[in-house]
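What follows is a short report on a single structure.
Shown next as structure tokens:
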């Protein structure tokens, strides 16, 4: 039987945050930012727990810091120690229950903040299904480039514009391709605003510059995961991206879900990496480890929902756009870490390595509108009778994820949501 | 007559650091990092000056911080106030000369450190001469892409691996293109290690997310500049960069010179932006300001030198590889700032916006070996009889820059140097 909490709501089979999950977040308390963990429909304030002397003394400074970075710096033993302590405090037979209850707040009434300082943000392109379907739109003769099956493709994103779920996204303005080569480009609000369904991997341990991380050790460098929406302006992207890659088409906003699920909580939900078809090129040795191939992949049920203003006005639920799963990615989290550092690049605590859009093999499992609407040529009809090619002002995108496996309580990653606000014309 | 300092060396016409310069750096003092300014062949310790009560009281915390970020956060008035105070302390008729002297150290014996925390690093591609010559190598039919003259091309670089001058660069290992499509790529130390001569612009003021910076205001957002070497592994780059741009080919190391020259010191050395030929497309309005076109360009004499192990063994001076000048860039610093924020992207204090390789119109003024040796096909012969296509282990690259203009003391940016160490084979 699954471990029980004294909070009955945490033991419900539908709970996102059972006792075996305990994801980290940050909450505003009297104008201050406090770290917390989620349990049932509540959050447990770590700052308050330290004040009440319920946490190991050597972890007080890290638990009373506004962001997770200090805890991560203390290393695996500290992470494990804190997780065990919190589990004990919330378990059915817990000591100090009254004191612990005093540090509980309802999530519904809380303002959740960005729980981590993110020094660097890298975005990969790990879904072969995404790469293939996007490639088909722009290069029908050669949808997948020759490097794809050899090397995890990635690029550096913008760390400064990452915001937590709930922060609205202002429609960006930018240059779009002129209709003929002799015309001037337009400088207009994007007409092709898209989301990208991704997972963020949070780096919990740094490597010195010049020292790659071998693939066997790579999983230890990841602290946890959250959902991530890599907002993209497709018309800006297609004009600017040659020859150096995406820039203003993506750096105006990136949204992360408020809860960081420790890798420890995901152990029961790992999958074997997608088997490489026999005619695929062999993995280069630095990217291969047997353990990684047999249980290196993440296995989560991902969902994307759209809520339009009309749906909200009519009290209709959000509409499900697609479902997918990171077990279908071509590259595992460990491969992303090892490849990123294979040239000696130094990762820092709090860095995000994002997977890139997570699309599945079927057209319906695509993780962005670019794929779902074939670059705007096949509109989606919504239950309200509305249709969409790309996102309109007032649209809200909601990403959700949960894991289940026989014999283990289901866990949910919480929501990553943001609403599109109209462009501001200040230039 | 130019303002004189009581340090005679600072008044020599060959000095890099006269009284009118006062660039900021950081120095190790008894295991601590102190901010300082350069004057003549000395540095003046700001921490010690604050201790001695020679600086405005409200600037003490910023001047006793290990990095410049706190000073920048205090804004233009604080920058100006500190610069005036330091100028007064070092001028010929200065008060408190004995106390000031106690805070002076020789630069020759000092360990200079990275003087600023760099939250984000963006690299542009502002030299049309560089873009054209590189384009010619890979796309002879269309050297310059259709977007180049409309939009400042840029991408996000890696902030974590930026190190100060003097830090060695370890040759990176990575994947290179297989000789035939059915072969595996090699995973080997790069055979095409290159430098790129660039300038770093340091952001001194942030803009809120969603709020672009109009071009008229853009110069106020730049605090100062330094030299920057964007090390590049060309063989890794050519294999990995499609479709998302450079990644591991560039993120293993970036070197900055130790001194940040305030924009205030560069005022006498501004130039008009390169006039756009009449058949070039008109600037989009958001990138145009008359003031920017008439004095928005930087005007510095840039030089690149190579010192090989053989040169050093034979006590030969470094060999000059090329000279160029940022006044030949197609885009001005203000245009880079405005374009970067035109979609609402938020800049943060300490961010670097780098120009990209600064090449001039002549082949000899190219800012990297990729251009100078035409991707390795035309070796350079050195005075020692050695030759180079790309860099070998033991090679040191030295970037230098200075400005001169009639009636103004010459200023020099100091050196940006690093030596290549052999690859480490740990994967």
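Chains as they are written, first to last, in the working numbering: chain R, 1 to 427; chain Z, 1001 to 1427.
The C-beta atom is built at its ideal place from N, Cα and C for all residues, glycine as well.
query, result
"Give me the chain R residues within the contact set of residue 1159 (chain Z), using Cβ-Cβ distance strictly less than 8 Å, ordered along the chain.", "119, 120, 159"
"Put residue 1282 (chain Z) into one of helix, strand or coil per three-state DSSP.", "coil"
"With distances taken from CA atoms, which of R:282, R:355, R:176, R:413 is nearest residue 328 (chain R)?", "R:355"
"Among Z:1427, Z:1424, Z:1418, Z:1409, which residue has its Cα nearest to the Cα of residue 1002 (chain Z)?", "Z:1409"
"Tell me, which residues are paired with residue 33 (chain R) by DSSP?", "R:28"
"With 8 Å as the limit, tell me which residues of the segment 1327-1353 of chain Z have their beta carbon closer than that to any beta carbon of chain R; keep them in chain order.", "1338, 1339, 1340, 1342, 1343, 1344, 1345, 1346, 1347, 1348, 1351"
"Can you check which of these residues, Z:1330, Z:1424, Z:1241, Z:1257, is closest to residue 1225 (chain Z) by C-alpha distance?", "Z:1257"
"Starting from the C-beta of residue 1192 (chain Z), find all residues in its chain whose C-beta is less than 7 Å away, skip the five residues before and the five after it, and write them out in chain order.", "1233, 1234, 1235, 1376, 1390"
"Along chain Z, which residues have their Cβ under 7 Å away from the Cβ of residue 424 (chain R)?", "1210"
"To the nearest angstrom, report how far apart residue 43 (chain R) and residue 98 (chain R) are at their CA atoms.", "15 Å"
"So who's on the other strand from residue 1229 (chain Z), going by DSSP bridges?", "Z:1197, Z:1255"
"Report the rounded CA-to-CA distance for residue 353 (chain R) versus residue 1381 (chain Z), giving the unit in angstroms.", "43 Å"
"Taking only the alpha-carbon atoms, compute the straight-line gap between residue 958 (chain Z) and residue 1199 (chain Z) and give it to the nearest angstrom.", "The requested residue 958 (chain Z) does not occur in the structure, where chain Z is confined to residues 1001 to 1427."
"Checking 9 Å against the spacing of the C-beta atoms, do residue 176 (chain R) and residue 239 (chain R) come in under that value?", "yes"
"Run the CB neighbour count on residue 1313 (chain Z), radius 10 Å, all protein chains shown included, and call it buried at 16 or more, exposed below.", "exposed"
"When the Cα of residue 1421 (chain Z) is compared with those of Z:1185, Z:1063, Z:1047, Z:1189, which residue comes out closest?", "Z:1189"
"Near residue 50 (chain R), which residues of its chain fall below 6 Å by C-beta distance, leaving aside the five closest residues on each side in sequence?", "60, 63, 64"
"Output, in chain order, the set of chain Z residues within a Cβ distance shorter than 9 Å of residue 282 (chain R).", "1184"
"According to DSSP, is residue 150 (chain R) helix, strand or coil?", "coil"
"Using a Cβ-Cβ cut-off of 6 Å (strictly less than) and excluding sequence neighbours within five positions of residue 1026 (chain Z), which residues of its own chain qualify?", "1033, 1035, 1113, 1115"
"To the nearest angstrom, report how far apart residue 1161 (chain Z) and residue 419 (chain R) are at their CA atoms.", "35 Å"
"For residue 129 (chain R), name the three-state secondary structure that DSSP assigns.", "helix"
"Give me, in chain order, the residues of the same chain whose beta-carbon lies closer than 8 Å to that of residue 1150 (chain Z); leave out the 5 immediate sequence neighbours on both sides.", "1281, 1284"
"Of all Cβ atoms in chain R, is any one closer than 9 Å to the Cβ of residue 1204 (chain Z)?", "no"
"Kindly give me the distance between the Cβ atoms of residue 158 (chain R) and residue 1345 (chain Z), rounded to whole angstroms, as I take these residues to be in contact under 8 Å.", "6 Å"
"By the DSSP assignment, the alpha helix (DSSP H) with residue 1218 (chain Z) in it spans what residues?", "Neither: residue 1218 (chain Z) is in no alpha helix (DSSP H) and is coded neither H nor E."
"Please state the DSSP three-state secondary structure of residue 1017 (chain Z).", "coil"
"Would a C-beta distance cut-off of 9 Å place residue 302 (chain R) and residue 326 (chain R) closer than the cut-off?", "yes"
"Is there at least one Cβ from chain Z nearer than 9 Å to residue 233 (chain R)'s Cβ?", "yes"
"Which same chain residues, not among the five before or five after residue 413 (chain R), have their C-beta less than 8 Å away from its C-beta?", "16, 23, 225, 226, 227, 257, 259, 261, 300, 400, 401, 402"
"Between residue 9 (chain R) and residue 316 (chain R), what straight-line distance do the alpha-carbon atoms span, to the nearest angstrom?", "26 Å"
"Below 7 Å on C-beta distance, what does residue 242 (chain R) contact in chain Z?", "1145, 1147"
"Using the three-state DSSP reduction, which class does residue 414 (chain R) fall into: helix, strand or coil?", "strand"
"Where does residue 138 (chain R) land, buried or exposed, given buried means 16+ other C-beta within 10 angstroms?", "exposed"
"Go ahead and label residue 28 (chain R) buried or exposed: buried means 16 or more other beta carbons lie within 10 angstroms of its beta carbon, across all protein chains shown.", "exposed"
"Name the residue from Z:1178, Z:1103, Z:1305, Z:1014 whose alpha carbon lies nearest to the alpha carbon of residue 1366 (chain Z).", "Z:1305"
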